[in-house]
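First the structure, in the form of structure tokens, and then the observations on it.
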Amino acid sequence: MATIHVDGKEYEVDAQKNLLEVCLSLGMNLPYFCWHPALGSVGACRQCAVKQFKDESDTRGRIVMACMTPAADGTRISISDPEAVAFRETIIELLMENHPHDCPICDEGGECHLQDMTVMTGHTYRRFRFDKRTYDNQYLGPLINHEMNRCIQCYRCVRFYRDFAGGRDFDVFSAHDHVYFGRHQDGVLENEFSGNLVEVCPTGVFTDKTFKEHFTRKWDLQTAPSVCVHCGLGCNTTPGERYGELRRVRNRYNAEVNGYFLCDRGRYGYEFVNSELRIRQPRLNLTANGGGEVVTPEAAVRHVAGLLKEGKGAIGIGSPRASLEANFALRTLVGPDRFFGGWSELEGGLAARARALLRGGPARSTSLREAEEADAILVLGEDLTNTAPMLALSLRQAVRREPARRAAALKIPAWDDAAVRELTQDDKGPLFVATPSRTKLDDVSRETFRAAPQDIARLGFAIAHLLDERSPEVAYLSASDAELAGRIADALRRAEHPLIVSGTSCADETVMEAAAHVAWALCGLNKPAGLCLTLPEPNSLGLAMMEVPGLEAAAHALAESGGGTLIVLENDLARRAGDKAVRSLLESAGHVVVIDHLENPMTASAEVVLPAATFAEGDGTLVNNEGRAQRFFQVFVPEGDVQESWRWVSALMAFDDPPRVDWPALDSITSALAASLPAFAGVAEAASPSSFRLVGQKIPRQPHRYSGRTAMLANLSVHEPKPPDDPDTALSFSMEGATIEPPPSLLADYWSPGWNSVQALNKFQAEVGGELRGGVVGRRLIEPASDAAPNYVAHVPAPFKPRSDEALVIPLYHIFGSEELSVQAAGVAELAPGAYLALNPDDAARVGLQSDAVADLVLDERKYRLMVRLDPSIPVGIAGLPVGLDGLPGHATSGWGRVAPAAAAEE
Amino acid sequence: METPLTKNLQPGGIPLPIREFETAGGYQAVRKALGSMKPEDVTETVKQSTLQGRGGAGFPTGLKWSFVPMGEQAPHPKYLVCNADEMEPGTFKDRVLLEGDPHSIIEGMIVSAYAIQADVGYVFLRWEYRLADERLRRAIAEAYQAGYLGKNILGSGWSFELYLHVSAGRYMCGEETGLLNSLEGKRATPRSKPPYPQVSGLWGKPTIVNNVETLANVPHIVNNGAEWFRGLSRSPDAGTKLYGVSGKVNRPGVWELPMGTTVREILEEHAGGMRPGLKFRGVIPGGASTDFLVEEHLDIPMDFASIQKAGSRLGTGTMIVLDDRTCPVAMVHNLEHFFAQESCGWCTPCREGLPWTEKLLKAIEDGQGDEGDLELLERHSKLLGPGHTFCALAPGAVEPLQSAMRYFREDFERHITEKRCPWR
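Keeping their order, the protein sequence lines are chains X and R. Just so we're aligned, residue 371 is where the first sequence starts under the working numbering, counting upward by one. Just so we're aligned, residue 7 is where the second sequence starts under the working numbering, counting upward by one.
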């Protein structure tokens, strides 16, 4: 701790920070541009100038930059010193020299950091009378808009893109007053985190291009705290709506999970909520012709209740992308033994195994923030940039941990970003990536290992055995593989915070087992090793915690029921299993009821279709891969008869006499879940309950400047309607409510007087860059079994043996294209590659295939016609089949397949 | 008068090849340092000599070297960089040494590198110095052949590799940390200090950057001793100095004179005074980024402290003379145009403020000046002060401007009131 003096008053501050950080943390309004809590200080913009005095008798002082001055004990500064105030105002004047008068037409207006800092410094009058410099803009892809004239050269964009996110195709050019940020030539930005530029940029240079399609001012957006549904990491988001349309998604800070950033899939995948494919009315289809007629919700529910009373019973198929409440409601309706996970036995088994591994040993399930702090990392089987993108971003920072220790020894503060990077150059801590094919993290890894899943598992087991003899030995390991295992074991052993990452992407449980073994072995050496297992969907782990069997069991149960009613919850089964299996499942059902949001083959043929609310239109709880239960809140009331899945199911149960459950609102289901399944005991703590009030009021979803309230529905009726009720949450669909800082789980939109941009977040953190004042959002439900001896497996998989006439087909993932919902957004779809089959060039040559030739793959009795992509990184004997692209199966497929040049006659 | 730095120069001729250089006493300092002195002894000798950096800042060289970590635990490789990116307008003293006696620089680098136990050296040469490029290349090859560079030099156990790096051509590369960034292949923007290059320099390793002329002094100090060096000058600042003069004088040029020679002596005795029909109005003593001195300052010694007391800086010691038939506004505009163009664009005041300054001066020069323009220029001069900007480029840029406005204010005002340049 250090004592500093600011404008005559004493404060106790953290001596490891710089003066800008501590002043902001103390709530002082000191303007800045180039400093960013995640990027550190560089001292370029000169905006945060304060006057520093040597001691009490020094009355003259000198101007210093707060962001570059350590908060050392005894420091004396003045923020209000007239010279400092004038200096800060002049910096704005200089930035305004060339800044275009775009505010009225600039997307950033109303949430613009430059606007805020201009007002804060008091600059008003323009004395520059010459011509402004202007630039040509570039096409940067479907997601980001480029308007360079607005640039104030804060350098944040290039520092984020290149230094933080590892991107290479974006840079700073030219010099003096013509500095330019862009690509060498127009083209799609390649980095998967480019969307963060729109929040990192303090002006309107980089703005959300998809938002432009349906733009509205920030103050006109209705928002609520939400969670991303496009992968298993559960990054927190703030979606914004107006006039019944979801307009955009912005980052919602969570100190433990996503921090300040989102991946592009999470930021831009929201358009499915507005899709024309949305089902908005219940439908009844009693003929075999498909289609069906629209009915009222009451009619639909009554019809289904009638089906349930038929006596043949009901089978419920849940979904790893539906909330805990939705899944639990269905489970309660049909009964635990008739409720199934809605995933293949393979997928379900993987998720169950992941859960067992996280509970079954001493290694702690790590959060994204903890991953960033790791100083030695082993990745087994995961192409993180595509399967869990924000984890890849965390690891890019983690590899700097170990080299950065030298900076501390030389007294270079951690926040002095340029100095730390200069000292550490390209040095990286140990990151080992073992995957079937190349990944984008390869460029920051110390060593890579390319092999079939079982060989990746064997490498993992070999490492574990070196660390703990009790872990099974690996026989028939090659000398080079054994040496590699030795090097990795050494690096992990020497680390202070080793991290082992794996997941379900290889479709092979042994890979995750091996990862767990390494982590447990390290714990045995008294290292606090973390285990991070990635899962594909927002509630994969939550569903696994309900201990549900998969689709095969469901088919079996359905067949046994002799024509029972099948209720499918938020699940396009065609993505889960082959056509044959799905058709057979549906045919053995007497009646099919589907609850979902988008039209798909299931909804086309179902007898009853009930329109489910998306994440933005309902409330629920999801459990991410860390085991953290997080609540997403309804952002807006949807059009039509859309409601939460659990509400539909609840309504069905109301027909029972006496009613089985009394679930008037969300909280009652959540508590029922906690009471019923011990694994979910803490789930209610994921967020403030619906009964929460601040000074007796709810928390408003609309900011106090929300406009048009009385006019927006005036075309329908001049009488302003009562705002919709919200029994499920402590939020209101209104501008009215408590304006005091809400608890963090209820905090979606950051605003503070004078701070209209995302920078207002500073005001809600106990210390800038740290936790929100109310604590961390979400509640971990899975903790390690620290006392238990590790549950090592008995045996290790056999080595992979390539076959001469078949290839082992393994799944490959794409951040854009593999995931079901995000690909509905035009921007994401544009970036999704076309379908292909990845082959090792030797394998391709052997069957007579060249690059871009067309091949036929026969796998699981299904034939795929695909363009060949030669990939030298893929081991011989293995073929990579991308998940979800262009009509390819949306589920992991793994098995032996035959590859041959496409039979020409069958064109 | 001893002139150790320029004794080998043959104006209009070629530099001494290595054998002749050795005969003239060259590389004796290398033998002496590596043969009979410890590295710390060399540093101590240079410290005692009170040699100050000749690149413009005047920081004590021996003191600078003493901050380099030494001993077993020191990080390696350590670097010695010769800043031969002479781009300060009006400055051409280093050029004379680089073209005329490249071996003297190499010798200086070897001895200095030995003092700090550097492993690798770079001469960072301005691209436009094509002749120096050629001659240095040849000299370095000769030095390697003779065993003065490379592994285990003269059997001392110490190795030193020397590379010539030619820059892509930007003024900012003359700034020590901008130079290091440029050498690393990055944009030539400066670094914040601390950490200093001695701690984290080239590629994060301990580095010393010295000016050409500074390094040229080192062998002579080692050969003849600190006291000898101090005795060469007439002033508290030790040694000789290469002084230069440009502008409309009779004999523009470079001369090696005792440190502390007066402005008048250099201008009148060596440069031959103003050309016929022209009167002296002012002089920028140390290159473009120093304040004007006028008539009343002519008898001030050209050393660091005296010039600073007079309100300017010694800088590089190469003077640009303003005559009475050259418009001061035009001269300052020309300089500000250079500085505005050479701004690297990293920090706001320099990036936006210098072009504004240049536009104002252009307007004034074109007779388009406004009433408030002079006040604006004064504000800019104060705004772009040391500590306000990220490096010293902008504070240097406003030195000629602020002093011109002080000494030639009437001329500025005439441009504005008469709506034209009175000199045209």
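Even for Gly, the Cβ is constructed at its ideal location relative to N, Cα and C.
#1: Start and end of the beta strand (DSSP E) containing His375 of chain X?
#2: Quick check: does the Cβ of Ile649 of chain X come within less than 7 Å of any heavy atom belonging to the ligand NAP?
#3: Tell me the rounded alpha-carbon separation between Thr935 of chain X and Arg1232 of chain X.
#4: For Met438 of chain X, which residues in chain R fall below 8 Å Cβ to Cβ?
#5: By Cβ distance, which residues of its chain are closer than 8 Å to Ile522 of chain X, with the 5 residues on each side in sequence left out?
#6: If you drop the 5 nearest sequence neighbours on each side, which residues of the same chain put their C-beta closer than 8 Å to that of Asp539 of chain X?
#7: Along the region 795-818 of chain X, where does the CB come closer than 9 Å to a CB of chain R? Name the residues.
#8: Between which two residues does the alpha helix (DSSP H) holding Gln1000 of chain X run?
#9: Report all residues from its chain with a CB closer than 8 Å to the CB of Ile323 of chain X; omit the five preceding and five following residues, and keep chain order.
#10: Over what stretch of residues does the alpha helix (DSSP H) that includes Phe344 of chain R continue unbroken?
#11: So what does DSSP say about Glu1137 of chain X, is it helix, strand or coil?
#12: Do Leu921 of chain X and Leu955 of chain X have their beta-carbon atoms positioned less than 8 Å apart in this structure?
#13: What is the C-beta distance between Val335 of chain X and Arg1268 of chain X, in whole angstroms, given that I count them as a contact (C-beta under 8 Å)?
#14: Are the C-beta atoms of Trp234 of chain R and some chain X residue less than 8 Å apart?
#15: Within the chosen definition, does the region 1080-1100 of chain X reach the region 1042-1055 of chain X through at least 3 CB pairs nearer than 8 Å?
#16: Count the other CB atoms, across all protein chains shown, that sit within 10 Å of the CB of Thr491 of chain X; report buried if there are 16 or more and exposed otherwise.
#17: Compare the beta carbon distance of Trp352 of chain R and Pro196 of chain R with 8 Å and say whether it is the shorter of the two.
#18: According to the neighbour-count rule (16 or more other Cβ atoms, all chains shown, within 10 Å of its Cβ), is Tyr846 of chain X buried or exposed?
#19: Compute the distance between the beta-carbons of Asp745 of chain X and Arg771 of chain X, then report whether it is under 8 Å.
#20: Please name the residues in the region 352-383 of chain R whose beta-carbon is closer than 7 Å to at least one beta-carbon of chain X, in chain order.
#21: Beta carbons nearer than 7 Å to chain R: which residues of the region 410-423 of chain X have them?
#22: Just to confirm before moving on: does the CB-CB distance between Thr9 of chain R and Thr246 of chain R stay below 8 Å?
#23: Let me make sure I understand the geometry here. Which of X:Ala372, X:Gly629, X:Tyr505, X:Thr593 has the alpha-carbon closest to that of His406 of chain X?
#24: Is any beta-carbon of chain R found at less than 8 Å from that of Glu1231 of chain X?
#25: Given Pro401 of chain R, which residues of its chain have a CB within under 7 Å of its CB, disregarding the five upstream and five downstream residues?
#26: Once you ignore the five residues that flank Ala369 of chain R on each side, which residues in its own chain have a CB closer than 8 Å to its CB?
#27: Under 6 Å Cβ to Cβ from Leu407 of chain R, same chain only, skipping five residues before and after it: list those, please.
#28: On a CA-only basis, which of R:His421, R:Gly41, R:Ser118, R:Thr29 is nearest Val215 of chain R? Give me that one, please.
#29: Of all the CB atoms in chain X, is at least one closer than 8 Å to the CB of Pro201 of chain R?
#30: Please name the residue in X:Phe698, X:Gly479, X:Val769, X:Gly1139 whose C-alpha comes closest to that of Ser1046 of chain X.
#31: Roughly how many angstroms separate the alpha carbons of Ala692 of chain X and His471 of chain X, rounded to a whole number?
#32: Considering Gln422 of chain X, what are the terminal residues of the alpha helix (DSSP H) in which it resides?
#33: To the nearest angstrom, how far is the alpha carbon of Trp362 of chain R from that of Ala35 of chain R?
#34: Compile a chain-ordered list of the residues in the region 452-473 of chain X whose CB is closer than 8 Å to at least one CB of chain R.
#35: Whole beta strand (DSSP E) runs in the region 802-845 of chain X with 3 or more residues, listed along the chain?
#36: Look at the alpha carbon of Thr880 of chain X and the alpha carbon of Cys633 of chain X, and state the distance between them as a whole number of angstroms.
On the basis of the supplied data:
#1: Run containing His375 of chain X: 372-376, per the beta strand (DSSP E) assignment.
#2: This structure does not include the ligand NAP; it has no bound ligands of any sort.
#3: In this structure, the alpha-carbon of Thr935 of chain X lies about 29 Å from that of Arg1232 of chain X.
#4: Close to Met438 of chain X, with beta-carbon spacing below 8 Å, are these residues of chain R in chain order: Ser198.
#5: Excluding its 5 nearest sequence neighbours in each direction, Ile522 of chain X has C-beta neighbours in its own chain below 8 Å: Phe403, Cys415, Leu465, His469, Leu484, Pro572, Thr573, listed in chain order.
#6: The residues are Arg553, His554, Gly557, Leu559, Glu560, Asn561.
#7: Those residues of the region 795-818 of chain X that come within reach of chain R (Cβ to Cβ, closer than 9 Å) are Gln795, Asp797.
#8: Counting along the chain, no alpha helix (DSSP H) covers Gln1000 of chain X; the unbroken beta strand (DSSP E) around it starts and ends at 998-1002.
#9: The structure shown does not extend to residue 323 of chain X, since chain X is modelled only from 371 through 1277, so no value can be given for it.
#10: Segment 334-348, the alpha helix (DSSP H) holding Phe344 of chain R.
#11: The answer is coil: DSSP assigns Glu1137 of chain X none of H, G, I, E or B.
#12: It is a contact, given that the beta carbons lie within the stated cut-off.
#13: Only positions 371 to 1277 of chain X appear in this structure, which leaves residue 335 of chain X out of reach.
#14: No - not a single Cβ of chain X is within 8 Å of the one on Trp234 of chain R.
#15: Too few Cβ pairs lie closer than 8 Å, so no.
#16: Residue burial annotation: Thr491 of chain X is buried, with at least 16 other C-beta atoms found within 10 angstroms of its C-beta.
#17: Yes, these two residues count as a Cβ contact at 8 Å.
#18: It is exposed - the Cβ of Tyr846 of chain X has fewer than 16 other Cβ atoms within 10 Å.
#19: Yes, Cβ-Cβ distance for Asp745 of chain X and Arg771 of chain X is below 8 Å.
#20: So the close ones are Trp352, Cys353, Thr354, Pro355, Arg357, Glu358, Gly359, Pro361, Trp362, Lys365, Leu382.
#21: Correct list: Gly413, Ala414, Cys415, Arg416.
#22: Contact flag set, yes.
#23: Minimum Cα-Cα distance from His406 of chain X among the listed residues X:Ala372, X:Gly629, X:Tyr505, X:Thr593 corresponds to X:Gly629.
#24: Not an interface residue.
#25: The answer, listed in chain order, is Leu390, Gly391, Pro392, Thr395.
#26: Around Ala369 of chain R: Gly375, Asp376, Asp379.
#27: Only Val338, Ser387 meet the Cβ criterion.
#28: For the set R:His421, R:Gly41, R:Ser118, R:Thr29, the Cα lying nearest the Cα of Val215 of chain R is the one of R:Ser118.
#29: Using a Cβ-Cβ cut-off of 8 Å, Pro201 of chain R counts as an interface residue toward chain X, since at least one Cβ of chain X sits closer than that to its own.
#30: Ser1046 of chain X has its Cα closest to that of X:Phe698, out of X:Phe698, X:Gly479, X:Val769, X:Gly1139.
#31: The straight-line gap from Cα to Cα measures roughly 46 Å.
#32: Not the alpha helix (DSSP H): Gln422 of chain X falls in the beta strand (DSSP E), residues 419-423.
#33: Taking the Cα positions, Trp362 of chain R is about 50 Å away from Ala35 of chain R.
#34: Only Phe457, Thr460, Ile461, Leu464, Leu465, Glu467, Asn468 from the region 452-473 of chain X bring a Cβ to less than 8 Å from some Cβ of chain R.
#35: List check, beta strand (DSSP E) in window: 817-820.
#36: When the Cα atoms are used, Thr880 of chain X and Cys633 of chain X turn out to be separated by approximately 29 Å.
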